[in-house]
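Chains as they are written, first to last, in numbering that gives the first Met the number 0: chain U, 0 to 194; chain P, 0 to 194; chain Z, 0 to 194; chain B, 0 to 194.
Glycine residues also receive a C-beta, built at the ideal position from the N, C-alpha and C atoms.
4 protein chains.
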Amino acid sequence: MVEPHGKGGRPRSEQARAAVLHAVDDLVVELGYSAVTLKGIAERAGVSRQTLYRWWSTKAEILLEASAIDARQELDVPPHDDPATHIAAYLDALIAFLTGSAAGTAYRALLGEAQHDAAVAELLRNSDPLGESAAAAIERALPGDALALPMPQATALLVGPVFFWILSGRATEALDSNQLTDEFIRLAGVISSGS
Amino acid sequence: MVEPHGKGGRPRSEQARAAVLHAVDDLVVELGYSAVTLKGIAERAGVSRQTLYRWWSTKAEILLEASAIDARQELDVPPHDDPATHIAAYLDALIAFLTGSAAGTAYRALLGEAQHDAAVAELLRNSDPLGESAAAAIERALPGDALALPMPQATALLVGPVFFWILSGRATEALDSNQLTDEFIRLAGVISSGS
Amino acid sequence: MVEPHGKGGRPRSEQARAAVLHAVDDLVVELGYSAVTLKGIAERAGVSRQTLYRWWSTKAEILLEASAIDARQELDVPPHDDPATHIAAYLDALIAFLTGSAAGTAYRALLGEAQHDAAVAELLRNSDPLGESAAAAIERALPGDALALPMPQATALLVGPVFFWILSGRATEALDSNQLTDEFIRLAGVISSGS
Amino acid sequence: MVEPHGKGGRPRSEQARAAVLHAVDDLVVELGYSAVTLKGIAERAGVSRQTLYRWWSTKAEILLEASAIDARQELDVPPHDDPATHIAAYLDALIAFLTGSAAGTAYRALLGEAQHDAAVAELLRNSDPLGESAAAAIERALPGDALALPMPQATALLVGPVFFWILSGRATEALDSNQLTDEFIRLAGVISSGS
DNA sequence: ATATAACCGAGACGGTACGTCCCGTCTTAGC
DNA sequence: GCTAAGACGGGACGTACCGTCTCGGTTATAT
Numbered sequence: 000m001v002e003p004h005g006k007g008g009r010p011r012s013e014q015a016r017a018a019v020l021h022a023v024d025d026l027v028v029e030l031g032y033s034a035v036t037l038k039g040i041a042e043r044a045g046v047s048r049q050t051l052y053r054w055w056s057t058k059a060e061i062l063l064e065a066s067a068i069d070a071r072q073e074l075d076v077p078p079h080d081d082p083a084t085h086i087a088a089y090l091d092a093l094i095a096f097l098t099g100s101a102a103g104t105a106y107r108a109l110l111g112e113a114q115h116d117a118a119v120a121e122l123l124r125n126s127d128p129l130g131e132s133a134a135a136a137i138e139r140a141l142p143g144d145a146l147a148l149p150m151p152q153a154t155a156l157l158v159g160p161v162f163f164w165i166l167s168g169r170a171t172e173a174l175d176s177n178q179l180t181d182e183f184i185r186l187a188g189v190i191s192s193g194s
Numbered sequence: 000m001v002e003p004h005g006k007g008g009r010p011r012s013e014q015a016r017a018a019v020l021h022a023v024d025d026l027v028v029e030l031g032y033s034a035v036t037l038k039g040i041a042e043r044a045g046v047s048r049q050t051l052y053r054w055w056s057t058k059a060e061i062l063l064e065a066s067a068i069d070a071r072q073e074l075d076v077p078p079h080d081d082p083a084t085h086i087a088a089y090l091d092a093l094i095a096f097l098t099g100s101a102a103g104t105a106y107r108a109l110l111g112e113a114q115h116d117a118a119v120a121e122l123l124r125n126s127d128p129l130g131e132s133a134a135a136a137i138e139r140a141l142p143g144d145a146l147a148l149p150m151p152q153a154t155a156l157l158v159g160p161v162f163f164w165i166l167s168g169r170a171t172e173a174l175d176s177n178q179l180t181d182e183f184i185r186l187a188g189v190i191s192s193g194s
Numbered sequence: 000m001v002e003p004h005g006k007g008g009r010p011r012s013e014q015a016r017a018a019v020l021h022a023v024d025d026l027v028v029e030l031g032y033s034a035v036t037l038k039g040i041a042e043r044a045g046v047s048r049q050t051l052y053r054w055w056s057t058k059a060e061i062l063l064e065a066s067a068i069d070a071r072q073e074l075d076v077p078p079h080d081d082p083a084t085h086i087a088a089y090l091d092a093l094i095a096f097l098t099g100s101a102a103g104t105a106y107r108a109l110l111g112e113a114q115h116d117a118a119v120a121e122l123l124r125n126s127d128p129l130g131e132s133a134a135a136a137i138e139r140a141l142p143g144d145a146l147a148l149p150m151p152q153a154t155a156l157l158v159g160p161v162f163f164w165i166l167s168g169r170a171t172e173a174l175d176s177n178q179l180t181d182e183f184i185r186l187a188g189v190i191s192s193g194s
Numbered sequence: 000m001v002e003p004h005g006k007g008g009r010p011r012s013e014q015a016r017a018a019v020l021h022a023v024d025d026l027v028v029e030l031g032y033s034a035v036t037l038k039g040i041a042e043r044a045g046v047s048r049q050t051l052y053r054w055w056s057t058k059a060e061i062l063l064e065a066s067a068i069d070a071r072q073e074l075d076v077p078p079h080d081d082p083a084t085h086i087a088a089y090l091d092a093l094i095a096f097l098t099g100s101a102a103g104t105a106y107r108a109l110l111g112e113a114q115h116d117a118a119v120a121e122l123l124r125n126s127d128p129l130g131e132s133a134a135a136a137i138e139r140a141l142p143g144d145a146l147a148l149p150m151p152q153a154t155a156l157l158v159g160p161v162f163f164w165i166l167s168g169r170a171t172e173a174l175d176s177n178q179l180t181d182e183f184i185r186l187a188g189v190i191s192s193g194s
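Structure (structure tokens):
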């Protein structure tokens, strides 16, 4: 993420970096995204404000760095041989990520910010855990020519309904990953299923 | 938004209300959601700050009131006899709304805010132009028992992919409403189409 | 010092103004001029920082307003019939002001700042307790045509040696106001004394 | 300022020292005393901040070292046989120093700082170009027993009026060194003049 | 008619985060 | 052991907006 540095000079404190990332993680859970301030992060991390501004530009950038790794882990499901089982497992992971996890809360906040902040939108475009994980899950379940749609559209078809359901504030109990999987496979896997 | 006032006294100034709603509409286009402030709205509208706080609680509430009517209009497509044509027309309207219109920009901003602000989430739950318009379009295209899914799931299936595509910052040129319509009808209209 | 205000709006809080002036007076004694900060003044006075900036521009301006009245009082000696006695009394007051008093400490700090801050210099030029008080004392002791020098030069002659002595950090015990008075009167009062 | 270093090791860089003194001289003229910062000096001199702190304690100390030599030179007037001429020449040099020269500007800034910074006051007490030069000029003009006053008082009498006039921001055109000289000699040289 | 009550604008209030700057210290690598 | 480079925690700067609080004035209705 960060190069060592030019030549001379004191090296960047890895301790400070870790403290910041931990602090922002804690604070976003405790207070919610909008109540997290750079001042608050600095104080919680025991770090000067200048140090924050030296290495990050915005709250969003810090939060993204703090949650990206967790996000990828949570969305990386172990492979199943049965395509439907694999897709359903992925959808369950996706639902859990978006509704229950700290990293998912951070992701939703960042995606919200991206709707009215071009810089955040750009950040997310370069680090898109949902799109990437969905593509991986589909590739695993319906490899190669078994996919009747281009991958981007396929990911939107898979992820979109869940994504809309949750972001628009609907209750999550009604989400049935098996049903969603069936629907998806019927559309996206037409070739292999012989539709 | 608020109507009654005890008994006597000066009535609410409709002129002030209209000036505020216009001002917030202009400002959110000019500056973007996050740069709009209550102070700025008051100054632009030629209204005192106290008046804002008297009738609205938050920036989000004003913006919702200012954009809700436009949103409903833009998402209300004229009926077509052919189900597929009707759905496709709705999807085109949805895409235009989310990507191009002022009301859609406001909606995206509010939905973003709702991800980390429970009050805004509550507001949106009581005024959900996407869900309602999608339900209306589906009802028109696949009325009564021709729908193989419960309506909420059907709306998510119809709206979700577009919604995810746009909110996650993908280029909109690749969106093909006819293809999306086909997919939707094949899934949601299984009964009428005989699958 | 400050007009009421345009027309509408909440009037300026006299309580806040007084609290600021007291706070700055206290702080400059407790901490010394350079350790007084606008932040510190605001906190001590229980006033917001914005309120300070609304009514004053700089630390110097606040301090001047806080100490000007005291300065004038301390340098306004009761009249004596004997010219030499009056001048000597004035010199004693001047020495006490410059070395011992809070207002004098503030004055010295401001005059120091004026040496490298044109804005402070301008402030002091419009509010010059030393020059004015010295002129008054001379006028009282050697009225009208009994003064052999133009008044500005006479004030410099009277005040200058004491001023230099103290500002350049010499011990004040060696200052003899009677001797200085004699010297001054021999020069400035040549006409009346018949030289 | 500091010379010795244990035994071995790299010796102090004379080049760095000179660069610092030049830099501070330039900067105090360009920006004024209060806008000069140690950071700025280091950057201008191409020297690390640590090096500054190693050899000097404060901005004032650097500035004093940078300007002391110039100050002494500017206040050291060539001798005249006539006492009045010598004193007048000294006063002209003093006026030029305090109002026009870079070293004089530095001196005024330091003296201002000394009014509220005991450390700077101590520095100046150990390096008092005004007092010393004035004493030298008086000694040259009124040597030995021709002086009716103790030397410290005599210097205050000579320097004080000019000093007050300039530091209190009065226009310098009105200063007449010949008149000031006459007054001084009438008082301080009473014995020789036979008053 | 005239009180009463709720509205209106203007704008000051205490509070707090912003992003920047400099402080004095510390930690590197290089000569 | 000095040097340049530059990151560190700390803290004040001046600005902006928050939500609240007076002000003086302006309408309507209810007496």
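Pair within 9 Å by beta-carbon distance, residue i and residue j
i	j	result
Glu-195 (chain Z)	Tyr-32 (chain Z)	No answer is possible for residue 195 (chain Z): it lies beyond the span of chain Z, which begins at 0 and ends at 194.
Leu-157 (chain P)	Leu-90 (chain P)	yes
Leu-37 (chain B)	Leu-51 (chain B)	yes
Asp-220 (chain P)	Ser-132 (chain U)	Because residue 220 (chain P) is not part of the residues shown, which for chain P are 0 to 194, the question remains open.
Val-35 (chain P)	Ala-15 (chain P)	no
Leu-74 (chain B)	Leu-30 (chain B)	no
Arg-107 (chain B)	His-79 (chain Z)	no
Gly-159 (chain B)	Gly-159 (chain Z)	yes
Proximal residues to residue i (C-beta, below 7 Å), its chain only, five neighbours per side dropped
i	result
Leu-174 (chain P)	Ile-94, Val-161, Trp-164
Asn-177 (chain Z)	Ala-87
Val-119 (chain B)	Ala-59, Leu-109, Glu-112, Ala-113
Thr-180 (chain Z)	Ala-83, Ile-86, Ala-87, Leu-90
Ala-140 (chain P)	Pro-82, His-85, Ile-86
Gly-276 (chain Z)	What is shown of chain Z runs 0 to 194, which leaves residue 276 (chain Z) out entirely.
Ala-92 (chain B)	Glu-73, Leu-74, Val-76
Ser-12 (chain B)	none
Ala-41 (chain B)	Ser-47, Arg-48, Leu-51
Whole-angstrom C-beta distance between residue j and residue i, which should lie under 8 Å
i	j	result
Asp-69 (chain P)	Ala-117 (chain P)	Rounded, the Cβ-Cβ distance is 25 Å, inconsistent with contact.
Ala-153 (chain U)	Leu-146 (chain U)	6 Å
Asp-25 (chain Z)	Arg-43 (chain Z)	7 Å
Thr-196 (chain U)	Thr-171 (chain U)	Since the first and last residues shown for chain U are 0 and 194, residue 196 (chain U) lies out of range.
Beta-carbon contacts of residue i that lie in its chain and below 8 Å, excluding the five residues immediately before and after
i	result
Leu-186 (chain P)	Ala-147, Leu-148, Leu-156
Ser-192 (chain P)	Residue confidence is low: Ser-192 (chain P) scores 43 on pLDDT, short of 50, so the model does not pin down where it sits. No coordinate-derived value is stated.
Ala-17 (chain P)	none
Pro-3 (chain B)	With a pLDDT of 49 at Pro-3 (chain B), under the threshold of 50, the modelled position of that residue is not reliable, and the figure given next carries that caveat. So no residue of the chain qualifies.
Beta-carbon proximity list for residue i, same chain, < 6 Å, skipping 5 on both sides
i	result
Ile-61 (chain U)	Val-23, Trp-55
Met-150 (chain B)	Ala-134
Val-28 (chain U)	Ala-101
Ser-66 (chain P)	Ala-102, Ala-105
Arg-71 (chain Z)	Pro-128
Ile-137 (chain U)	Ala-153
Checklist entry - What are the start and end residues of each continuous alpha helix (DSSP H) run of 4 or more residues lying completely inside the segment 127 to 187 of chain Z, in chain order? => result 128 to 140, 150 to 166, 176 to 187
Next on the checklist: Which residues of the segment 108 to 125 of chain U have a Cβ closer than 7 Å to any Cβ of chain P? Give them in chain order.
Outcome noted: Ala-108, Leu-110, Gly-111, Glu-112, Ala-113, Gln-114, His-115, Asp-116, Ala-120, Leu-123, Arg-124
Next on the checklist: Using a Cβ-Cβ cutoff of 9 Å, what residues of the segment 7 to 24 of chain B are near chain Z? List them in chain order.
Outcome noted: none
Checklist entry - the segment 26 to 37 of chain P: which residues have C-beta closer than 7 Å to a C-beta of chain U, in chain order? => result Gly-31, Tyr-32, Ser-33
Item to check | Near-chain U residues of the segment 44 to 61 of chain P (beta-carbon distance less than 8 Å), N- to C-terminal order | outcome: none
Item to check | Members of the segment 137 to 155 of chain U that neighbour chain P once the beta carbon cut-off is set at 9 Å | outcome: Leu-148, Pro-149, Pro-151, Gln-152, Thr-154, Ala-155
Item to check | Whole runs of the alpha helix (DSSP H) within the segment 36 to 73 of chain U, excluding any shorter than 4 residues | outcome: 37 to 44, 48 to 54, 58 to 73
Item to check | Where the segment 86 to 104 of chain Z meets chain B: residues whose CB sits under 9 Å from a CB there | outcome: Thr-104
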